[in-house]
Every structure is written in structure tokens, then in C-alpha cells.
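>
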Amino acid sequence: MTSATGSPESRRAARNAAPPHRGVRRLAAASIGVALAVAAVAGIGGALAAPRADLSPAAATTSPAPPPPSATAIPAPTLSEAPVAEGAFCDRPEVQAGIAAGDDPAVIAAAGGGEGLRQAVIRGIAPCIDLRDPSHVWFVVNKTMPMEPIDFAPSDWVAPGGVPLGNLAAVRTDIAPTVTAMSEASIAAGTGQIGMQNGYRGYSVQQRIHNDRVASLGKEAGERLAARPGYSEHQSGIAMDVFGCTPGCSSSEQFGTTTTYQWVVEHSWEFGWIIRYEDGQTPITGYDPEAWHLRYIGPELAAEYHAGGFRTLEEFFGLSAAPGYLD
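If you number the sequence shown the way this note's numbering does, the last residue is 327 and the count never jumps.
Printed below as a string of C-alpha cells:
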């Protein structure tokens, strides 16, 4: 995809003339009238490594990618005027209540919106916003920031309704309706249906996938394709691999060549999703590009991510690059 030019804050200013549609908020369970799922295959046999796709509807063969360029530090984005009110952020009753209830949209609203929360994190005035806690949409996991606890598992997960499904096709229950809504919107736009697979993967599944990749490709190449257990977004239940069906379904690794992908680039943020591992960002993320790997951060944060032209969560939250593990 085309790289954004200029700083994230300058790109944000250019977009202020046309504020982005906020899209859906975190949805509760929704009634899905059309059952279009083609399969819901459980287990790990034949699964490919995270964050690569486990099993695509059409088999695809991958080759090891060349080593990434040297990592560079990410300068913290220049802060624009912040909507964060004065006072101790974490002492606000509405913030405390939202965190206690697990109500991420309420916490974000108390911060003054997605940009307010982002700036509070960057300024270091929000210690109650734990980026390593995978139960929240602002969670960040990378090769230098394992999730806490490292063997985390979501409390519940489910296969989204009304979409084609591949292996391990489940996400956290509360965000499953956003997958259905996003697929339906793509169909309405004439760009095909969005299928999903490789959603939630537990610690032991991720461990086997990682070990298989390293054994077959070597440590350096294998770990550009497969996260260690405790370091994978898939373990959080709020990430997934997608594929396009127009109407026949292609593999996840072919997703970047489809019209469905182009629609996702332009509109996934409206439903709270971003493309996590973009082309050209390996020195920051430590992973090869994955057009098919989507991560849920909620519509409030996703709107700011899109408006600012950000391409990694590391940049979005002013974090250092994470091209490799610390050990």
C-alpha cells in the first residue's frame, strides 16, 4: 500500500477538514440473519505460524523473506493540543469506574476521546492505562513487550456469524459482531465478503506454531513469521487473519491483491480494526508485512489512528521500535 507522507500530526491536520465517521462502537451480541459460514474448523493440525495465516481456504506456499533492515528508533509524535483535562487522569471517578467495569469506551470518553487517551499515555500521566494488559483495546504486544500475564486467555470467544470461516475462527465474543458488520459493509460496497480465520490462539497452540516455524526456517526467519507464545496478538482474542471472497474465497496470503483488501484499507477503521503489520514497517514491528492480519482497537482509537496516518501501534503510542526479542 502507499506509504503516508509527512508526520502523523501533519497528516492529522490535513484531515481535520473532514472528520472521519466514528463507525460502530464496541458491539454487544448481535442477531445475525444470514448464515454464510463455510466452515468452522477447530484444532491446530496444519495451522501455519502466527502471525502468518494458519490455513487458507486456498492453499498458498510461502518462502522465507530476506532479513529486515536495521531497526531505528521511533520519535514520539509531536503532540497537538490535547483534549485531556487537567488533573490526575487516573484519579477521575469516571476513569476508575470504567477500568473497574472493563468499559474501555467509557475510559476513552473520560480521556476526551481516542486522541486524549493517546496523549495521556505518551505524556506518562496515565499509569492506569496498562498497554500490556490484553483485556483492553489499547493493549500493545510486540517483541519487547510481552502480554501480562504471559499465558493470558480471554474469558470467552466465539465464531462471528454470517462470514466464511477457516481454522481457529473465533474472536472475543464482544467484538464478533464487528466482524460481521464489516463483512456486510464490504458486500454492500461491491468489494466482496470478508472471511476470517486464525483469531484466538491459546498459549500452547502458539508455542507449537512458533517452534514449527523456527525448526523449519531457522530462528531469524522463523521469528519474522511466528510470534513466541505470550507475544502474539492472536492470544488476546482481538486479532484475526482475513481473506476475500468475491465470491470464491482466496487465501489469506493473497488478500493484499484483492479489491476486498483495498476496501479494508479505507474502511476497516470504521469498525474498530486496523492492519497491524504494514509493508515497510518490519524494522519497527519485527514481522514481515501481513496485509491480512487485522487488529481490533475499537472505533474511537481506530478513528485517530486512521486520521493521523499511523502505520504501527508503536508509533501511535510513542513506543520504541521492537525489531527483535530482548533475549
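Ideal Cβ positions, reconstructed from N, Cα and C, are used throughout, including at glycine. For clarity, every value in this text was computed on a predicted model and none was experimentally measured.
Return helix, strand or coil for Arg92, following the three-state DSSP convention.
Stepping through the sequence shown from its first residue, residue 92 is reached at position 92. Arg92: coil per DSSP, three-state reduction.
> May I have the straight-line CA-CA distance separating Glu220 from Val214, to the nearest angstrom?
The sequence position of residue 220 within the sequence shown is 220, counting from 1. The sequence position of residue 214 within the sequence shown is 214, counting from 1. Roughly 8 Å between the two C-alpha positions.
> For the alpha helix (DSSP H) containing Val242, name the first residue and the last one.
To locate residue 242, count along the sequence shown from 1; it is residue 242. Looking at the DSSP string, Val242 is not in any alpha helix (DSSP H); the run it does join, the beta strand (DSSP E), is Ala239 to Cys245.
> Can Ala239 and His293 be called in contact, C-beta distance under 9 Å?
Residue mapping note: residue 239 aligns to position 239 of the sequence shown, counting from 1. Residue mapping note: residue 293 aligns to position 293 of the sequence shown, counting from 1. Yes, these two residues count as a Cβ contact at 9 Å.
> Sorted by chain position, which residues of the same chain lie with C-beta nearer than 8 Å to Gly222's C-beta, five sequence neighbours on each side aside?
Reading the sequence shown from its first residue, position 222 is the one you call residue 222. Cβ within range, chain order: Ala49, His210, Arg213, Val214, Ala215 and Ser216.
> Answer yes or no: do Thr260 and Ile175 have a C-beta to C-beta separation smaller than 9 Å?
As a first step, residue 260 must be located in the sequence shown, where it is residue number 260. As a first step, residue 175 must be located in the sequence shown, where it is residue number 175. The answer is no: Cβ separation not under 9 Å.
> Can you grab the Cα-Cα spacing for the pair Cys90 / Gln96, in whole Å?
The residue labelled residue 90 in the question sits at position 90 within the sequence shown. The residue labelled residue 96 in the question sits at position 96 within the sequence shown. When rounded, the distance between both Cα atoms is 7 Å.
> By DSSP, does Tyr277 sit in helix, in strand, or in coil?
Residue numbering aside, residue 277 sits at position 277 when the sequence shown is read from its first letter. Tyr277 falls in the strand class under three-state DSSP.
> Is the beta carbon of Gln206 closer than 9 Å to that of Ser232?
Translated into positions along the sequence shown, residue 232 becomes position 232. Translated into positions along the sequence shown, residue 206 becomes position 206. Yes, Cβ-Cβ distance for Ser232 and Gln206 is below 9 Å.
> Look up Val107 in the DSSP assignment and say whether it is helix, strand or coil.
Start at 1 with the first residue of the sequence shown, and residue 107 comes out as number 107. Three-state result, Val107: helix.
> Looking only at its own chain, which residues have a Cβ that is under 7 Å from the Cβ of Gly230, when we skip the five neighbours before and after it?
Along the sequence shown, one-based indexing puts residue 230 at 230. Closer than 7 Å at Cβ, skipping near neighbours: Pro146, Met147, Ile150, Asp151 and Tyr203.
> Quick check on this structure: which residue in Trp269, Pro160 and Thr246 has the alpha carbon closest to the alpha carbon of Ala188?
On the sequence shown, residue 188 is found 188 positions in, with the first residue counted as 1. Considering only alpha carbons, the answer is Thr246.
> Could I get the ranges of all uninterrupted beta strand (DSSP E) runs contained in the region 155-210, with 3 residues as the minimum, in chain order?
Whole beta strand (DSSP E) segments, 3+ residues: 193-197.
> Quick check on His293: does DSSP put it in helix, strand or coil?
Residue numbering aside, residue 293 sits at position 293 when the sequence shown is read from its first letter. It is a strand residue.
> By DSSP's criteria, Cys329 is part of a beta bridge. Which residues make up the other side?
Here the chain comprises residues numbered 1 to 327, so residue 329 is not present and cannot be evaluated.
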